[in-house]
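Going by full-length UniProt numbering, the sequence shown opens with residue 1, and the numbers climb by one from there. To keep things clear, I will list the structure first and then write my remarks on it.
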Amino acid sequence: MKQVAAYLLFPLSLLLGTWGAFFALDAKLSPALVSGGITLVAFGVAMVFERWLPRIKRAHEPGELRADLTYAGITGVLSDPLAHALVAGLTTYAAGLRGGSWEVGLPLGVLAVVVLLVHGLGDYWAHRLSHRWEWWWKLHAVHHAPARMTALNNLRLHPLDYTLKVLFGMGPVLLLGFSEESVALAMAIKGVCLAYQHADLDLRHGPLNLIFATNSVHRWHHSASPAEGNRNFGGVLSLYDILFASLLLPAEDAEPERMGLFGDEHYPRHNVLRATAAPWCWKRCVADPPSQG
(Lines of atoms letter the chains of each structure in order from A; the text may use other names.)
(Lines give C-alpha, C1' and ligand atoms only; values in the text may rest on other atoms or scores of the structure.)
Protein backbone atom coordinates (compact mmCIF):
# COMPACT_ATOMS: atom_id res chain seq x y z
CA MET A 1 0.00 0.00 0.00
CA LYS A 2 2.82 2.39 0.86
CA GLN A 3 4.53 1.70 -2.45
CA VAL A 4 1.34 2.61 -4.31
CA ALA A 5 0.99 5.80 -2.26
CA ALA A 6 4.62 6.70 -2.99
CA TYR A 7 3.85 6.87 -6.71
CA LEU A 8 0.25 8.13 -6.68
CA LEU A 9 -0.13 10.53 -3.76
CA PHE A 10 1.29 13.62 -5.45
CA PRO A 11 -0.24 13.19 -8.95
CA LEU A 12 -3.66 12.29 -7.49
CA SER A 13 -3.55 15.29 -5.17
CA LEU A 14 -2.60 17.51 -8.09
CA LEU A 15 -5.43 16.15 -10.25
CA LEU A 16 -8.02 16.41 -7.48
CA GLY A 17 -6.85 19.88 -6.50
CA THR A 18 -7.04 21.10 -10.10
CA TRP A 19 -10.46 19.51 -10.63
CA GLY A 20 -11.70 20.96 -7.33
CA ALA A 21 -10.52 24.42 -8.34
CA PHE A 22 -12.24 24.14 -11.74
CA PHE A 23 -15.48 23.02 -10.07
CA ALA A 24 -15.37 25.75 -7.41
CA LEU A 25 -14.62 28.50 -9.95
CA ASP A 26 -17.42 27.25 -12.20
CA ALA A 27 -19.71 27.52 -9.17
CA LYS A 28 -18.70 31.20 -8.94
CA LEU A 29 -16.93 30.91 -5.60
CA SER A 30 -14.45 33.64 -4.72
CA PRO A 31 -11.20 33.05 -6.67
CA ALA A 32 -9.12 33.97 -3.61
CA LEU A 33 -11.12 31.51 -1.49
CA VAL A 34 -10.65 28.77 -4.09
CA SER A 35 -6.85 29.07 -4.36
CA GLY A 36 -6.43 29.54 -0.61
CA GLY A 37 -8.77 26.66 0.24
CA ILE A 38 -7.11 24.19 -2.14
CA THR A 39 -3.70 25.17 -0.77
CA LEU A 40 -4.75 24.70 2.86
CA VAL A 41 -6.30 21.29 2.14
CA ALA A 42 -3.16 20.18 0.28
CA PHE A 43 -0.92 21.20 3.18
CA GLY A 44 -3.22 19.38 5.59
CA VAL A 45 -3.14 16.17 3.54
CA ALA A 46 0.65 16.34 3.17
CA MET A 47 1.13 16.77 6.93
CA VAL A 48 -1.19 13.85 7.69
CA PHE A 49 0.69 11.58 5.28
CA GLU A 50 4.04 12.66 6.75
CA ARG A 51 3.13 10.56 9.80
CA TRP A 52 2.35 7.46 7.70
CA LEU A 53 4.89 7.64 4.88
CA PRO A 54 7.90 9.58 6.24
CA ARG A 55 11.19 9.79 4.40
CA ILE A 56 13.31 10.93 7.36
CA LYS A 57 11.22 10.62 10.51
CA ARG A 58 12.73 12.14 13.63
CA ALA A 59 11.74 14.14 16.67
CA HIS A 60 11.58 17.93 16.56
CA GLU A 61 14.66 19.81 17.69
CA PRO A 62 14.14 22.12 20.70
CA GLY A 63 12.18 25.14 19.49
CA GLU A 64 11.68 23.77 15.96
CA LEU A 65 7.92 23.29 16.03
CA ARG A 66 7.37 26.63 17.75
CA ALA A 67 9.47 28.38 15.09
CA ASP A 68 7.64 26.55 12.27
CA LEU A 69 4.24 27.53 13.64
CA THR A 70 5.30 31.13 14.26
CA TYR A 71 6.64 31.58 10.74
CA ALA A 72 3.56 29.85 9.31
CA GLY A 73 1.42 32.43 11.12
CA ILE A 74 3.59 35.33 9.98
CA THR A 75 3.62 34.14 6.36
CA GLY A 76 -0.03 33.11 6.11
CA VAL A 77 -1.67 35.87 8.15
CA LEU A 78 0.61 38.86 7.58
CA SER A 79 3.20 38.48 4.80
CA ASP A 80 0.98 36.89 2.16
CA PRO A 81 -1.95 39.35 2.17
CA LEU A 82 0.29 42.39 2.66
CA ALA A 83 2.74 41.37 -0.07
CA HIS A 84 -0.02 40.66 -2.58
CA ALA A 85 -1.82 43.89 -1.71
CA LEU A 86 1.40 45.85 -2.18
CA VAL A 87 2.20 44.26 -5.52
CA ALA A 88 -1.41 44.68 -6.70
CA GLY A 89 -1.27 48.35 -5.75
CA LEU A 90 2.02 48.88 -7.59
CA THR A 91 0.76 47.23 -10.78
CA THR A 92 -2.85 48.49 -10.89
CA TYR A 93 -2.13 51.68 -12.82
CA ALA A 94 0.22 50.07 -15.33
CA ALA A 95 -2.18 47.17 -15.93
CA GLY A 96 -5.03 49.61 -16.49
CA LEU A 97 -3.20 51.24 -19.40
CA ARG A 98 -3.84 48.20 -21.59
CA GLY A 99 -7.53 48.83 -21.97
CA GLY A 100 -9.39 45.51 -22.46
CA SER A 101 -8.76 41.89 -21.77
CA TRP A 102 -6.71 39.85 -24.23
CA GLU A 103 -7.97 36.56 -22.75
CA VAL A 104 -11.27 36.43 -24.63
CA GLY A 105 -12.00 32.96 -26.01
CA LEU A 106 -9.03 31.19 -24.44
CA PRO A 107 -9.83 28.17 -22.21
CA LEU A 108 -9.31 28.62 -18.49
CA GLY A 109 -6.89 25.68 -18.32
CA VAL A 110 -4.66 27.17 -21.04
CA LEU A 111 -4.63 30.53 -19.29
CA ALA A 112 -3.67 28.90 -15.98
CA VAL A 113 -0.69 27.22 -17.66
CA VAL A 114 0.39 30.57 -19.10
CA VAL A 115 0.06 32.15 -15.65
CA LEU A 116 2.28 29.40 -14.20
CA LEU A 117 4.88 30.00 -16.92
CA VAL A 118 4.91 33.79 -16.44
CA HIS A 119 4.90 33.54 -12.65
CA GLY A 120 7.49 30.76 -12.72
CA LEU A 121 10.00 32.76 -14.75
CA GLY A 122 9.95 35.70 -12.35
CA ASP A 123 9.94 33.44 -9.31
CA TYR A 124 12.90 31.44 -10.68
CA TRP A 125 15.09 34.52 -11.10
CA ALA A 126 14.06 35.96 -7.75
CA HIS A 127 15.06 32.69 -6.12
CA ARG A 128 18.33 32.48 -8.03
CA LEU A 129 19.25 36.07 -7.18
CA SER A 130 18.48 35.46 -3.51
CA HIS A 131 21.34 32.96 -3.57
CA ARG A 132 23.65 35.25 -5.54
CA TRP A 133 23.22 38.62 -3.79
CA GLU A 134 24.54 38.65 -0.25
CA TRP A 135 22.00 41.13 1.11
CA TRP A 136 19.13 39.00 -0.25
CA TRP A 137 20.70 35.77 0.96
CA LYS A 138 20.65 37.15 4.51
CA LEU A 139 16.87 37.37 4.16
CA HIS A 140 16.51 34.03 2.40
CA ALA A 141 18.65 32.25 5.01
CA VAL A 142 15.55 31.98 7.23
CA HIS A 143 14.12 29.48 4.75
CA HIS A 144 17.31 27.41 4.45
CA ALA A 145 18.13 27.29 8.15
CA PRO A 146 16.20 24.09 9.12
CA ALA A 147 18.22 20.88 9.09
CA ARG A 148 15.38 18.95 7.42
CA MET A 149 12.37 19.58 5.20
CA THR A 150 8.75 19.26 6.30
CA ALA A 151 5.50 20.54 4.81
CA LEU A 152 5.19 23.05 7.64
CA ASN A 153 8.67 24.57 7.39
CA ASN A 154 7.98 25.43 3.76
CA LEU A 155 6.41 28.54 5.31
CA ARG A 156 9.61 29.61 7.07
CA LEU A 157 10.08 32.80 5.08
CA HIS A 158 11.41 36.21 6.01
CA PRO A 159 8.64 38.78 5.30
CA LEU A 160 10.88 40.90 3.04
CA ASP A 161 12.17 37.86 1.17
CA TYR A 162 8.58 36.73 0.63
CA THR A 163 7.50 40.19 -0.56
CA LEU A 164 10.32 40.34 -3.12
CA LYS A 165 9.43 36.88 -4.42
CA VAL A 166 5.78 37.94 -4.81
CA LEU A 167 6.90 41.08 -6.65
CA PHE A 168 9.02 39.10 -9.12
CA GLY A 169 6.46 36.32 -9.59
CA MET A 170 3.05 37.91 -9.31
CA GLY A 171 4.03 41.38 -10.58
CA PRO A 172 4.32 40.32 -14.24
CA VAL A 173 1.11 38.27 -13.95
CA LEU A 174 -0.82 41.32 -12.76
CA LEU A 175 0.81 43.60 -15.32
CA LEU A 176 -0.35 41.29 -18.11
CA GLY A 177 -3.90 41.47 -16.79
CA PHE A 178 -4.86 37.82 -16.36
CA SER A 179 -8.35 37.20 -15.01
CA GLU A 180 -8.89 36.40 -11.34
CA GLU A 181 -10.12 32.92 -12.30
CA SER A 182 -7.02 32.00 -14.31
CA VAL A 183 -4.74 33.27 -11.54
CA ALA A 184 -6.76 31.38 -8.92
CA LEU A 185 -6.52 28.11 -10.84
CA ALA A 186 -2.76 28.56 -11.33
CA MET A 187 -2.26 29.40 -7.66
CA ALA A 188 -4.30 26.35 -6.61
CA ILE A 189 -1.96 24.16 -8.69
CA LYS A 190 1.01 25.98 -7.17
CA GLY A 191 -0.41 25.44 -3.68
CA VAL A 192 -0.63 21.67 -4.14
CA CYS A 193 2.92 21.56 -5.51
CA LEU A 194 4.31 23.61 -2.61
CA ALA A 195 2.50 21.48 -0.03
CA TYR A 196 4.34 18.38 -1.24
CA GLN A 197 7.59 20.07 -2.25
CA HIS A 198 8.92 20.27 1.31
CA ALA A 199 6.99 17.35 2.76
CA ASP A 200 8.89 14.65 4.62
CA LEU A 201 7.33 12.01 2.37
CA ASP A 202 9.01 9.04 0.72
CA LEU A 203 7.58 9.66 -2.75
CA ARG A 204 8.65 8.53 -6.22
CA HIS A 205 7.84 10.92 -9.06
CA GLY A 206 9.69 9.53 -12.07
CA PRO A 207 9.23 11.69 -15.20
CA LEU A 208 7.18 14.22 -13.21
CA ASN A 209 10.50 15.46 -11.78
CA LEU A 210 11.18 16.99 -15.21
CA ILE A 211 7.91 18.92 -15.06
CA PHE A 212 7.37 19.84 -11.41
CA ALA A 213 9.77 20.89 -8.66
CA THR A 214 8.84 17.89 -6.49
CA ASN A 215 10.29 17.02 -3.12
CA SER A 216 12.72 14.68 -4.93
CA VAL A 217 14.02 17.71 -6.86
CA HIS A 218 13.75 20.37 -4.19
CA ARG A 219 15.52 18.58 -1.34
CA TRP A 220 18.81 19.03 -3.21
CA HIS A 221 18.21 22.77 -3.17
CA HIS A 222 18.28 22.55 0.64
CA SER A 223 21.60 20.72 0.75
CA ALA A 224 24.26 22.33 2.94
CA SER A 225 26.72 21.84 0.06
CA PRO A 226 26.86 24.95 -2.20
CA ALA A 227 27.41 22.76 -5.27
CA GLU A 228 24.02 21.12 -4.61
CA GLY A 229 22.15 23.90 -2.82
CA ASN A 230 22.75 26.45 -5.58
CA ARG A 231 20.64 24.38 -7.97
CA ASN A 232 16.94 23.62 -8.51
CA PHE A 233 15.51 27.12 -8.05
CA GLY A 234 12.11 26.39 -9.61
CA GLY A 235 9.16 27.04 -7.32
CA VAL A 236 6.57 24.94 -9.16
CA LEU A 237 8.08 23.94 -12.50
CA SER A 238 11.42 22.35 -13.38
CA LEU A 239 11.29 24.01 -16.82
CA TYR A 240 13.47 27.01 -16.01
CA ASP A 241 16.06 24.91 -14.20
CA ILE A 242 16.32 22.88 -17.41
CA LEU A 243 16.46 25.99 -19.64
CA PHE A 244 19.03 27.80 -17.49
CA ALA A 245 21.12 24.70 -16.72
CA SER A 246 20.55 24.64 -12.97
CA LEU A 247 18.72 21.31 -12.65
CA LEU A 248 20.26 18.69 -10.38
CA LEU A 249 18.45 15.37 -10.35
CA PRO A 250 20.21 12.44 -8.62
CA ALA A 251 18.48 9.11 -8.04
CA GLU A 252 15.27 9.38 -6.03
CA ASP A 253 16.70 7.14 -3.27
CA ALA A 254 19.63 9.56 -2.80
CA GLU A 255 19.72 12.11 -0.03
CA PRO A 256 21.93 15.16 0.58
CA GLU A 257 24.59 14.44 3.18
CA ARG A 258 23.33 17.36 5.25
CA MET A 259 20.60 19.99 4.90
CA GLY A 260 20.72 23.57 6.11
CA LEU A 261 22.84 26.67 5.54
CA PHE A 262 26.15 26.51 3.71
CA GLY A 263 27.97 27.96 6.71
CA ASP A 264 27.11 30.08 9.74
CA GLU A 265 26.75 27.11 12.04
CA HIS A 266 25.67 29.49 14.81
CA TYR A 267 22.71 30.85 12.83
CA PRO A 268 19.72 31.12 15.24
CA ARG A 269 17.54 28.84 13.14
CA HIS A 270 14.80 28.29 15.74
CA ASN A 271 14.93 31.78 17.27
CA VAL A 272 12.35 33.69 15.23
CA LEU A 273 13.13 37.21 16.47
CA ARG A 274 16.88 36.84 16.12
CA ALA A 275 16.70 35.16 12.70
CA THR A 276 14.26 37.79 11.38
CA ALA A 277 16.53 40.61 12.62
CA ALA A 278 19.75 38.89 11.45
CA PRO A 279 20.05 40.71 8.07
CA TRP A 280 20.58 43.96 9.99
CA CYS A 281 22.82 42.56 12.75
CA TRP A 282 24.49 39.67 10.92
CA LYS A 283 27.85 39.59 12.71
CA ARG A 284 26.30 39.91 16.14
CA CYS A 285 23.14 37.82 15.59
CA VAL A 286 24.87 34.94 13.82
CA ALA A 287 27.97 34.85 16.03
CA ASP A 288 27.31 32.07 18.52
CA PRO A 289 23.96 33.22 19.94
CA PRO A 290 23.33 32.27 23.57
CA SER A 291 20.26 30.16 22.86
CA GLN A 292 18.55 28.41 19.94
CA GLY A 293 15.24 28.07 21.81
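For glycine and all other residues, C-beta sits at the position ideal for the given N, C-alpha and C.
Through-space distance from residue j to residue i, alpha-carbon basis
i	j	result
proline 11	leucine 247	21 Å
serine 151	leucine 69	Here residue 151 is alanine; the residue named in the question, serine, does not match the sequence. Going from the Cα of alanine 151 to the Cα of leucine 69 covers about 11 Å.
alanine 213	leucine 9	15 Å
alanine 32	alanine 184	6 Å
alanine 159	tryptophan 137	Per the sequence shown, the amino acid found at residue 159 is proline instead of alanine. Looking at the two C-alpha atoms, the distance is approximately 13 Å.
glycine 100	arginine 66	With a pLDDT of only 49 at glycine 100, under 50, the local geometry of the prediction cannot be trusted, and the value read off the model is given with reservation. About 47 Å.
isoleucine 38	tryptophan 282	38 Å
tryptophan 19	glutamate 61	38 Å
leucine 243	glycine 105	30 Å
isoleucine 56	glutamate 180	39 Å
aspartate 264	valine 110	44 Å
leucine 268	leucine 90	The sequence given here has proline at residue 268, not leucine. One C-alpha to the other measures close to 34 Å.
threonine 163	alanine 85	10 Å
alanine 186	valine 192	10 Å
glutamate 255	asparagine 271	27 Å
threonine 276	valine 236	25 Å
alanine 5	aspartate 202	9 Å
serine 13	alanine 287	43 Å
alanine 21	cysteine 285	43 Å
tyrosine 71	histidine 218	20 Å
alanine 251	alanine 245	18 Å
glycine 76	leucine 155	8 Å
Opening and closing residue of the alpha helix (DSSP H) in which residue i lies
i	result
cysteine 193	180 to 197
histidine 221	Segment: none, histidine 221 is in no alpha helix (DSSP H) and carries neither H nor E.
cysteine 281	Cysteine 281 -> no alpha helix (DSSP H), and no H or E assigned at all.
proline 11	2 to 26
methionine 70	Note on residue identity: the sequence assigns threonine, not methionine, to residue 70. It spans 64 to 73 - the alpha helix (DSSP H) in which threonine 70 sits, taken as one unbroken run.
valine 272	272 to 277
One or two residues paired with residue i in a DSSP bridge
i	result
proline 54	Leu201
leucine 237	Phe212
methionine 259	Ser223
In chain order, which beta strand (DSSP E) runs of at least 3 residues are fully inside the stretch 113 to 185? Within the stretch 113 to 185, not a single complete beta strand (DSSP E) segment reaches 3 residues in length.
Check whether the stretch 186 to 206 touches the stretch 225 to 232, taking contact to mean three or more Cβ pairs, one atom from each stretch, closer than 8 Å. Of all C-beta pairs linking the stretch 186 to 206 to the stretch 225 to 232, fewer than three are shorter than 8 Å, placing the two stretches out of contact.
Three-pair Cβ contact test at 8 Å for the stretch 111 to 129 versus the stretch 170 to 182: Put simply, the stretch 111 to 129 touches the stretch 170 to 182. At least three CB pairs are less than 8 Å apart.
Do the stretch 259 to 268 and the stretch 213 to 225 make contact, defined as three or more Cβ pairs closer than 8 Å? As far as the Cβ criterion goes, the stretch 259 to 268 touches the stretch 213 to 225, which means the pair count is three or higher.
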